[in-house]
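Under the working numbering, the first residue of the sequence shown carries the number 2, and numbering increases by one thereafter.
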Amino acid sequence: MGARTHRPSPALLVSLTVSACLLAALSAAVRSHRVPRWEQDLLALLNHLPAGLTPVLVLVMQVGSYPAVFVAAAAAVIARRIGAAWTLLLAGNLAYWLAAAVKVTVARQRPAALFTDVVLRETITGRLGYPSGHVAVATALALVAARAGGPRWRRAAWVVIGLVAVARIHVGAHLPIDVAGGVLVGWLAVCLTRLVVGEVGPQRSVPALRATLRRRGIEVAWLAPIHGDARGSQPWQAVTTGGRRLFVKVTGGEQRDADWVYKLYRRMRYRHVADAPPYLSARQQSEHETCLTLLAARAGVRVPAVVTTAAAPGGDAVLVQEFIDAAPLHAVVEPVPPAAVRDAWEQVARLHRAGIAHRDLRAANVLVGRDHVYLVDLGFGADDASAEQRARDVVELMVALSSRVDPAGVVAAAIDRLGVRAVADSVPFLQPAVLSRAGRTALRARPGMLDSLRQEILRRSPDRDRPAAKVVRISRRTVLELLVLGLVVHLLLPQLGEIRTALGLIVHANPVAVAATVLGSALTYLLSGLVLRLATAGRVPLGETTLVQVAASFANRLAPGSLGGAALSLRYLHQKGLVAADAGTAVAVSRAAGMFSVVVLLPVLLPFARQPARILTHDAVRALPLLLGALAVLLVLAVPRVRRRGRAAAGQVVTALRELRHQHGLRWLVVASTALTLTYGLCLYLALIAAGPVPLAHLPPVILVCLVGEGVSSAAPTPGGLGATEAALVSGLLLYGVPLDAAVAGTLIYRLATFWLPVPPGYLAFRLLTRRRLL
C-alpha cells in the first residue's frame, strides 16, 4: 500500500466541490419551490407498497440510524481494521450532524404534514424531513465500507443505500427529494472525512521517474520501489548503468503529510506544537529535507550523501541520495551490538549540538550496520530546535532501541553520549502521546517499557524527577465522551418535547422542598466523611474527611467513575501517615460498604418495583434493546477490568473488614453507608416534591431509581456520569408513572443540588486542603 496523504488530491477536490454545490443547489430549490407532481406520485407509489414488505424495509432502514455508526465502528474494530473504524465514526457523525444542520436551514416538513393520504408505517420523530438523516448516514457508512473493502463492495453499498432510501419513503418519513439530499449529505461527509483522515496515494510510474533522473544525468539500469514505513513519500532503489546504487525519494504533491490539514490536526490535538508552516509545494518540502541533510553532514552526523534533487511532472519532488547498505532497526534479525547503540546516541548528540532536531527517530529511520548507525529521512526535522523537540527525539529513539535492547543499556548509552541532564529532561515526555505510531506499536509489544526507562533514568539521576508534561489537548477519551453525550442527546431529544413545562416547574418550584434537597445534599458529604473515617478505624478526624469529600465534588467533575474523589482520598490518607497499602484498602473498604448497603436495601425496595404496563410506551419498548445492549457493553468492558484489578484488592478488603468487625466498627460502617444511600434517594424524592406533589408511596421506587442512576453515574465514561445519569433517572421515573415534565424537572433539581452546586465549595475546599498540606 502506498503512503498516506492528507493533502486534497484533484479528484477529491472535484468530489468535494461537486457534492457541496449539488447539495446547496438542491437545498435552495427545495426551500423556494413547492413539491412537484412527480415527487407526489413517486411518494404515493412507494408509500403504498404491500404491507408485507414493511418489516423487511424497517429492518434494513436501521443501517442509517445513528447507533448504526457505533455498531459499524465496533465491527471494524473486531475485524482489526482500526483505521476503518475511526473513518466510519467520523464519516457517520459528520453525515448525521450535517443532515441535522441542513434540516434546520431548509425547514421542509415531513410528508404527513404536507399531504393527507400518507400512511405512517413507523413512529416518526421530528417534524423536518429534508434531507433524510438515515440516508445520509447509510450513504456515508456504505461508501466508507466500499472504499475499504474494494470493488466487490461497491455494488452492495449502492444497493444498501437504495434500500434505505426506499424504506424511508415507504414508512412515510420522507419525500423522494429528501432521500436525494441525504445521499448528497453522505457523499459530502465522506469527502470531508477523506480530507481529514487522508488517502493512499498512487505509485509513481517507472518510465516517468527514469525520465526525471535522465534529465539530471543519471542513467538508470534498474529501478524498484522500496516497501516499508514511509511517510508522505515513495522510496525507490536504483542502480545506474555504471553499477552505482542510489536511494530515490519521491515526495508527491498528493502525498504530503506535512500539509495544512495534518498540521492543523496536530495543533488542535497537541499542546506546544512547533511545526513549521505548511509547505507550499512538494518541492519546498524536499528542499527543506535536503538543506537539513547537508547541515547534519557538515556537523559530522552519519547521513546518506545527497546526490541531486529534481522536479517531476505532476508537482512531485525527487531527492537522490547514496544508497546505504544497512537494515532499518526494526528489521534487524540479529541482536543489536552495543557499539551500534552507542553510535546511535553519538549521531543524535552531534545532531542536537548542531541545533537540529530529527523529530522522526522511529526505528525505520535508524539504519544499523555492523557497529555504526545512519540517521535518514530528515523531512520532518527542524533547525534551531527547542529543548522540548530535542527531548522528544530522545524519547522516540529510546523506545525504538528498547524494542530490541535492554532499556538499562539504552539509558546508559544515552547518558554516556548526551549527558545526564539531556536524558533526564526527557522524563516528562515518556508517554505514548509523544511517540509516533511505530513507537506506540513497540510499546504494545513490550508493555511496561516506558516505566522501565523512567525508573532507570531516575535511578541514575534521582534528583531530576518531574511530572509528565501536558502534551495532549484533545484525546481519544475526550472524543469518546463527546460521542457518548451526542448519543444521549439523540436518545433524549424525542422525549423532551415538554422541556418548557419542566423548566416552568423549576422556576415555580417549592422553595422549601428545594432547600431541603440542598440540605440533604450537604448531609451526604458529612455521611461520606463518616464512612471514610470508619473505614480507617477512626485514624483520621471527621471534620477533615468531610472536607475531603467536599473537595472530591470538584475533583469528580474532572474524571469519570468518581476516580477524582478516590485519588483525592488516597492522597489525603497518605498525607495523614497511612502507608499506600492501608490508604488504598481504606478507600476500597468505603466503596465496598457502599455496595453492601445497596445489597441490603435491594430486598426491601424490590417489592415496590411493580410498574403499570401502560407506562411502557411503544418508544420505550423500541429503546429497550438499545439500553440492554449498552448495559451488555458496559458489563463486557467492566468485567475483565474488575477481574484484573479486583483479585489483588479483594483479599486486603476482606482482611480489613474482619478487623473492623472485631473492633465493632463494621456495624457502624454499614449503618453510615446505608444512611448515605438513603439520603441520596431522599434528595431525589424531595426534588420531585419541589416540582409537584408526589405521593409518599412513591418514595421506595424513587430510592430504587436513585440507586440505579448513581450506579450508571459510576459506570459512565463521562465525568460524574454527565448525561447518562440524567437519562437513567428520567427513564426510571417514567417507568413508575411520574409525568414526563415532573420527572425532568425533579431530575434537574436533584442534579443541580448534588452535582453542580457543590462544585464552587468543592474548589474552595480543595484550595484549603492544599494550603494546609493535606493533599
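The beta-carbon is built from N, C-alpha and C at its ideal position, and this holds for glycine as well.
Values in this document were obtained by computation on a predicted structure and should not be read as measured data.
In the three-state scheme derived from DSSP, where H, G and I count as helix and E and B as strand, PRO339 is classed as helix. According to the DSSP assignment, ARG246 belongs to the beta strand (DSSP E) that extends over 246 to 252.
Rounded to whole angstroms, the Cβ separation of MET62 and HIS175 is 11 Å, and the two are not in contact under 8 Å. In the three-state scheme derived from DSSP, where H, G and I count as helix and E and B as strand, GLN110 is classed as strand. Put simply, of PRO51, ALA589, THR117 and ALA146 the residue whose alpha carbon is nearest the alpha carbon of GLY93 is ALA146.
The DSSP-derived three-state label of ILE162 is helix. The alpha-carbon of GLU220 is positioned some 29 Å away from that of VAL302. For ALA311, the three-state secondary structure derived from DSSP is strand. With contacts defined by Cβ atoms closer than 7 Å, GLU457 and VAL412 form a contacting pair. A straight line joining the alpha-carbon of ALA538 with that of LEU569 spans about 19 Å.
The beta carbon of VAL333 lies closer than 8 Å to those of VAL369 and ARG405 in the same chain, with the five residues before and after it left out.
The three-state secondary structure of THR117, taken from DSSP, is coil.
Under the three-pair Cβ rule at 8 Å, the segment 389 to 401 counts as touching the segment 430 to 446.
Contact between the segment 514 to 529 and the segment 725 to 732 is absent: fewer than 3 CB-CB pairs across the two stretches fall below 8 Å. Contact check for LEU58 and VAL167: beta-carbon distance about 7 Å, within the 8 Å limit, so the pair qualifies. Remark: C-beta atoms of LEU224 and VAL207 approach each other more closely than 7 Å.
Put simply, of ALA692, LEU679 and ALA691 the residue whose alpha carbon is nearest the alpha carbon of VAL709 is LEU679. Apart from the 5 residues on each side of it in sequence, GLY380 sits with its Cβ closer than 6 Å to the Cβ of GLU290 in its chain, given in chain order. Contact check for LEU89 against ALA77 passes: the beta carbons are separated by less than 7 Å. The continuous alpha helix (DSSP H) containing GLU40 extends over residues 38 to 48. In this structure, the straight-line span from the alpha carbon of LEU770 to that of ILE125 is close to 54 Å. Annotation: ASP179 to VAL103 spans about 11 Å, alpha carbon to alpha carbon.
In the structure shown, the three-state DSSP call for PRO51 is coil. The beta-carbon distance between ALA688 and GLY747, rounded to whole angstroms, is 5 Å. This is short enough to meet the 8 Å contact definition. Boundaries of the alpha helix (DSSP H) harbouring ALA414: 408 to 419, taken from the DSSP string. Your pair ARG284 and ALA318 checks out as a contact, with CB atoms roughly 4 Å apart and the cut at 8 Å. The DSSP-derived three-state label of TYR737 is coil. In the DSSP annotation of this structure, the continuous segment of the alpha helix (DSSP H) that includes ALA401 starts and ends at 388 to 403.
Using a Cβ distance threshold of 7 Å, ALA594 and SER674 count as a contacting pair. In this structure, HIS575 sits away from ALA589, with a CB-CB distance that is not shorter than 7 Å. Per DSSP, TYR526 is one residue of the alpha helix (DSSP H) stretching across 512 to 536. Among the bridge pairs identified by DSSP, GLN322 is matched with PHE248 and VAL307. In the DSSP assignment, no residue is bridged to ALA212.
In this model, ALA691 and VAL703 are separated by some 14 Å (Cα to Cα). Within its own chain, the residues whose Cβ lies closer than 8 Å to the Cβ of ALA158, once the five positions on either side in sequence are excluded, are ALA143, LEU144, ALA146 and ALA147, listed in chain order. No Cβ-Cβ contact shorter than 7 Å links ALA212 with THR242.
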